[in-house]
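Visitor:
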Amino acid sequence: MASLGAAEPAAASSADPLQYDLTTVVAKSLDRHLVFPLLEFLSQKQLYPAEDIESAKLELIEKTNMVDYAVDIYQGLNQTDEVPDSLVARRQEVVNKLRTLEGQVKTITDFLSNADNVRLLKQDKTQNQAFLQSEFGIGPDQVDALYHLAKWNFECGNYSAAAEYLHHYRSLSTHPDRCVSALWGKVAADILLQDFEAAMEDLLKLKDLLDLDTFAPVVKQLQSRSWLMHWSLFVFFNHENGMNALIDLFLQDRYLTALQLTGQHLLRYLSIAVVINKRRRNVLKDLVRVIQQEQYEYRDPITEFLRCLFVEADFDGAQAWLAQCEEVLDNDFFLVAAKEAFMDAARTFLFETYCRVHQQIDLAELAGQLGMDREATEKWIVNLIRNARLNAKIDAKAGTVVMQTETLGANDALLEKARGLSVRTFSLANTLVGILKA
Ligand SMILES: *[C@@H]1O[C@H](CO)[C@@H](O)[C@H](O)[C@H]1NC(C)=O
């Protein structure tokens with residue numbers, strides 16, 4: 001696969017769709033099982049040669065226990081029905097290990113398969129340990145084996161079995177590091193099972209555990225936070241409260257620090273969440289500040305759009321970048337479903353900011369730029385106002401739209417600067433046509 005990531009943005013007219021593909025960068029902070037959905041998405045998009053994607057998949061799979069999947073891909077890539085000896089042997093090895101581990105945890109799984117037994121367990125794990133040992137002969141070795149069995153199942157791609165064993169492991173184990181790693185595994189399994197309620201709950205639990213671990217080396221803390229943010233993308237872009245949760249997590253000091261030090265490309269996802277989430281306009285200022293600080297580390301059409309609009313007050317530039325955003329979102333696994341919402345909100349942003357800078361817009365002139373008649377333009381503005389998307393009043397007598405005070409959290413010095421600039425060249429028409437279509 002071509003290498004990608006924080007490439008220099010090209011002139012804001014034509015974009016190479018691969019230039020902004022973050023798959024390789026994001027994959028570095030994911031469990032390899034979580035990379036499969038991304039590769040699957042890329043192969044649907046046909047951005048890369050199919051063979052490259054299949055080879056990348058095979059390379060990943062060879063490090064897991066998903067032998068049957070590996071066989072399929074091997075056969076597809078090599079146009080053969082043969083199964084290589086190495087994979088036959090590997091499958092036997094995987095099955096044998098699974099049986100051995102299942103044997104080791106049999107007393108526990110028997111115990112857990114009885115709901116009456118499970119009810120006997122208490123909150124206090126040490127108490128449970130003593131109880132399990134004395135009543136059922138279940139010791140720490142078997143609890144450990146439960147962890148290994150969960151992991152082995154996970155590697156086999158049996159995520160439901162993994163999730164269940166990890167859940168039980170966490171309720172029985174007193175091993176602090178392993179409990180954290182079991183929770184990482186549980187989050188991954190939830191995601192791969194597409195159980196986003198459970199994933200959200202487990203993700204927040206994991207965050208709490210990581211936040212408590214202030215004795216870990218700083219580098220490790222940074223890495224854990226960066227990983228958590230990457231994994232969270234699966235959850236946040238699939239959960240109904242995801243945009244809020246994303247903003248809350250990414251803008252927390254210690255997470256923002258991790259983002260700025262190790263994962264500047266995550267700014268793309270934070271930007272999308274902020275633009276889409278109309279109730280969180282108060283964080284726009286923070287976002288714009290970070291985009292500005294990181295502009296030499298990371299830029300893409302989304303961050304450039306925001307920077308042009310709120311730092312440079314360059315409406316033409318913002319509009320040109322916005323035109324490229326559509327394709328970037330379309331080719332981003334996490335963002336493709338948010339494309340319409342983003343484009344719609346971003347166009348309104350652009351228009352609102354323009355209006356605010358002007359304070360007053362002549363309806364006839366606006367209608368002219370839009371290529372609409374005055375009445376239709378007025379109706380449209382009235383609708384925007386009614387839907388609380390534009391804080392303005394129409395002065396029918398003067399034939400103008402008059403902006404009301406503060407709707408955006410953008411900084412006033414910028415607006416002053418923008419008012420001083422000639423913003424006449426801004427081609428409103430494209431933006432407005434976009435809003436109208438939406
Ligand atoms: C997953 O593991 C469970 C428990 O061992 C088993 O019952 C189930 O058949 C497995 N599923 C698959 C698809 O292998």
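Numbering (full-length UniProt numbering), first residue to last: 1 to 438.
For every residue, glycine included, the Cβ atom is placed at its ideal position computed from N, Cα and C.
(1) Are the Cβ atoms of residue 163 and residue 209 separated by less than 8 Å?
(2) Compute the minimum distance between the beta carbon of residue 113 and the heavy atoms of ligand 1, and state whether it is under 7 Å.
(3) Are residue 288 and residue 260 touching if we call contact CB-CB under 8 Å?
(4) Quick one: what does DSSP say residue 105 is sitting in, helix, strand or coil?
(5) What are the start and end residues of the beta strand (DSSP E) that includes residue 66?
(6) Please give the ranges of any alpha helix (DSSP H) in the stretch 70-142, keeping only runs that are unbroken, at least 4 residues long and fully inside the region.
(7) Based on the DSSP output, what are the partners of residue 360 in its beta bridges?
(8) Could you spell out the range, first to last residue, of the beta strand (DSSP E) harbouring residue 278?
(9) Which value, in whole angstroms, describes the spacing of the CA atoms of residue 90 and residue 69?
(10) Taking the runs of the beta strand (DSSP E) that are 3 residues or longer, which of them lie wholly in the stretch 290-376?
(11) On the CB-based measure, 16 or more other CB atoms within 10 Å of its CB, does residue 366 come out buried or exposed?
(12) For residue 301, count neighbouring Cβ atoms within 10 angstroms of its own Cβ and tell me buried if that reaches 16, exposed if not.
(13) Does DSSP put residue 396 in a helix, in a strand, or in coil?
(14) Taking only the alpha-carbon atoms, compute the straight-line gap between residue 82 and residue 60 and give it to the nearest angstrom.
(15) Could you tell me the alpha carbon to alpha carbon distance between residue 329 and residue 102, rounded to whole angstroms?
(16) Just verifying my parser: in three-state terms, what is the DSSP assignment at residue 214?
(17) Checking 8 Å against the spacing of the C-beta atoms, do residue 172 and residue 187 come in under that value?
(18) Taking only three categories from DSSP, how would you classify residue 151?
(19) Using alpha carbons as the reference points, say which of 360, 387, 358 and 400 lies closest to residue 378.
(20) Short check: CB of residue 166 to CB of residue 199, under 8 Å?
(21) Mapping DSSP to helix, strand and coil, what is residue 242?
(22) Under a Cβ-count criterion, where at least 16 other Cβ atoms within 10 Å of its own Cβ denotes burial, should residue 213 be classed as buried or exposed?
(23) Let me check you understand the geometry: is the CB of residue 145 closer than 7 Å to at least one non-hydrogen atom of ligand 1?
(24) Can you grab the Cα-Cα spacing for the pair residue 169 / residue 53, in whole Å?
(25) Please name the residue in 264, 255 and 374 whose C-alpha comes closest to that of residue 292.
(26) In angstroms with no decimal places, state the Cα-to-Cα distance between residue 360 and residue 353.
(27) At which residues does the alpha helix (DSSP H) containing residue 168 begin and terminate?
(28) For residue 78, count neighbouring C-beta atoms within 10 Å of its own C-beta (all shown protein chains included) and say buried if the count is 16 or more, exposed if not.
(29) Identify the continuous alpha helix (DSSP H) that holds residue 253 and give its terminal residues.
(30) If we count the other Cβ atoms within 10 Å of its Cβ and call it buried at 16 or more, is residue 127 buried or exposed?
(31) What separation, rounded to the nearest whole angstrom, lies between the Cα atoms of residue 32 and residue 183?
(32) From the DSSP output, in three-state form, read off residue 175 for me.
(33) Quick check on residue 57: buried or exposed, where buried means 16 or more other Cβ atoms within 10 Å of its Cβ?
(34) If you pair each beta-carbon of the stretch 237-253 with each one of the stretch 271-284, do three or more pairs fall below 8 Å?
(35) Where does the unbroken alpha helix (DSSP H) through residue 34 begin, and where does it stop?
Guide: The relevant details are as follows:
(1) Taking the first residue of the sequence shown as 1, we reach residue 163 at position 163. Taking the first residue of the sequence shown as 1, we reach residue 209 at position 209. In this structure, residue 209 does not lie closer than 8 Å to residue 163 by Cβ.
(2) Position 113 of the sequence shown, counted from the first residue, corresponds to residue 113. False, no ligand heavy atom lies under 7 Å from that Cβ.
(3) Counting from one through the sequence shown, the residue named residue 288 turns up at place 288. Counting from one through the sequence shown, the residue named residue 260 turns up at place 260. No, the pair does not count as a contact, with Cβ atoms beyond the cut-off.
(4) The residue given as residue 105 occupies position 105 in the sequence shown. Residue 105: coil per DSSP, three-state reduction.
(5) On the sequence shown, residue 66 is found 66 positions in, with the first residue counted as 1. Where residue 66 is concerned, there is no enclosing beta strand (DSSP E), given that its DSSP letter is neither H nor E.
(6) Uninterrupted alpha helix (DSSP H) stretches at least 4 residues long and entirely within the stretch 70-142 occur at 85-104, 106-112, 115-120 and 125-136, given in chain order.
(7) Working through the sequence shown from its first residue, we reach residue 360 at position 360. Residue 360 pairs with 402.
(8) Position 278 of the sequence shown, counted from the first residue, corresponds to residue 278. DSSP places residue 278 in no beta strand (DSSP E); its state is neither H nor E.
(9) The residue given as residue 90 occupies position 90 in the sequence shown. The residue given as residue 69 occupies position 69 in the sequence shown. Straight through space, the alpha carbons of residue 69 and residue 90 are spaced by roughly 12 Å.
(10) With a minimum length of 3 residues, the continuous beta strand (DSSP E) runs that stay inside the stretch 290-376 are 360-362.
(11) Walking along the sequence shown from the start, residue 366 turns up at place 366. With 16 or more Cβ atoms within 10 Å of its Cβ, residue 366 is classed as buried.
(12) Sequence index remark: in the sequence shown, residue 301 carries index 301 (1-based). By the neighbour-count rule (16 or more Cβ atoms within 10 Å), residue 301 is buried.
(13) Reading the sequence shown from its first residue, position 396 is the one you call residue 396. In the three-state scheme derived from DSSP, where H, G and I count as helix and E and B as strand, residue 396 is classed as coil.
(14) Reading the sequence shown from its first residue, position 82 is the one you call residue 82. Reading the sequence shown from its first residue, position 60 is the one you call residue 60. When the Cα atoms are used, residue 82 and residue 60 turn out to be separated by approximately 21 Å.
(15) Translated into the one-based positions of the sequence shown, residue 329 becomes position 329. Translated into the one-based positions of the sequence shown, residue 102 becomes position 102. For residue 329 and residue 102, the distance between alpha carbons rounds to 44 Å.
(16) Within the sequence shown, the letter at position 214 stands for residue 214. In the structure shown, residue 214 sits in coil (DSSP, three-state: anything other than H, G, I, E or B).
(17) Reading the sequence shown from its first residue, position 172 is the one you call residue 172. Reading the sequence shown from its first residue, position 187 is the one you call residue 187. Result no, Cβ atoms of residue 172 and residue 187 do not sit closer than 8 Å.
(18) Position 151 of the sequence shown, counted from the first residue, corresponds to residue 151. Helix.
(19) Within the sequence shown, the letter at position 378 stands for residue 378. For residue 378, the closest alpha carbon among the candidates 360, 387, 358 and 400 is that of 400.
(20) As a first step, residue 166 must be located in the sequence shown, where it is residue number 166. As a first step, residue 199 must be located in the sequence shown, where it is residue number 199. Cβ atoms of residue 166 and residue 199: not closer than 8 Å.
(21) Within the sequence shown, numbered from 1, the residue matching residue 242 stands at position 242. The three-state reading of DSSP puts residue 242 in helix, counting H, G and I together.
(22) Your numbering for residue 213 matches position 213 in the sequence shown. It counts as exposed.
(23) Position 145 of the sequence shown, counted from the first residue, corresponds to residue 145. Between ligand 1 and the CB of residue 145, the shortest heavy atom gap is not smaller than 7 Å.
(24) Residue 169 sits at position 169 when you count from the first residue of the sequence shown. Residue 53 sits at position 53 when you count from the first residue of the sequence shown. Near 35 Å, if we compare the C-alpha coordinates of residue 53 and residue 169.
(25) By one-based count along the sequence shown, residue 292 stands at place 292. The option with the nearest alpha carbon to residue 292 is 264.
(26) Here residue 360 refers to the residue found at position 360 of the sequence shown. Here residue 353 refers to the residue found at position 353 of the sequence shown. A direct Cα-Cα distance of roughly 12 Å separates residue 360 from residue 353.
(27) For the purposes of this step, residue 168 is identified with residue 168 of the sequence shown, where counting begins at 1. Counting along the chain, residue 168 sits inside the alpha helix (DSSP H) bounded by residues 159-172.
(28) Residue mapping note: residue 78 aligns to position 78 of the sequence shown, counting from 1. Classification of residue 78: exposed, given that the 10 Å Cβ count is below 16.
(29) As a working mapping, residue 253 is identified with position 253 in the sequence shown. That run of the alpha helix (DSSP H) goes 253-262.
(30) To locate residue 127, count along the sequence shown from 1; it is residue 127. Counting Cβ neighbours within 10 Å, residue 127 comes out exposed, since fewer than 16 surround it.
(31) Within the sequence shown, residue 32 is the residue found at index 32, counting from 1. Within the sequence shown, residue 183 is the residue found at index 183, counting from 1. Straight-line Cα distance between these residues: approximately 16 Å.
(32) For the purposes of this step, residue 175 is taken as residue 175 along the sequence shown, with counting starting at 1. In the structure shown, residue 175 sits in coil (DSSP, three-state: anything other than H, G, I, E or B).
(33) Reading the sequence shown from its first residue, position 57 is the one you call residue 57. Around the CB of residue 57, 16 or more other CB atoms lie within 10 Å, so the residue is classed as buried.
(34) Result yes; three or more Cβ-Cβ pairs closer than 8 Å.
(35) Residue mapping note: residue 34 aligns to position 34 of the sequence shown, counting from 1. The continuous alpha helix (DSSP H) containing residue 34 extends over residues 32-45.
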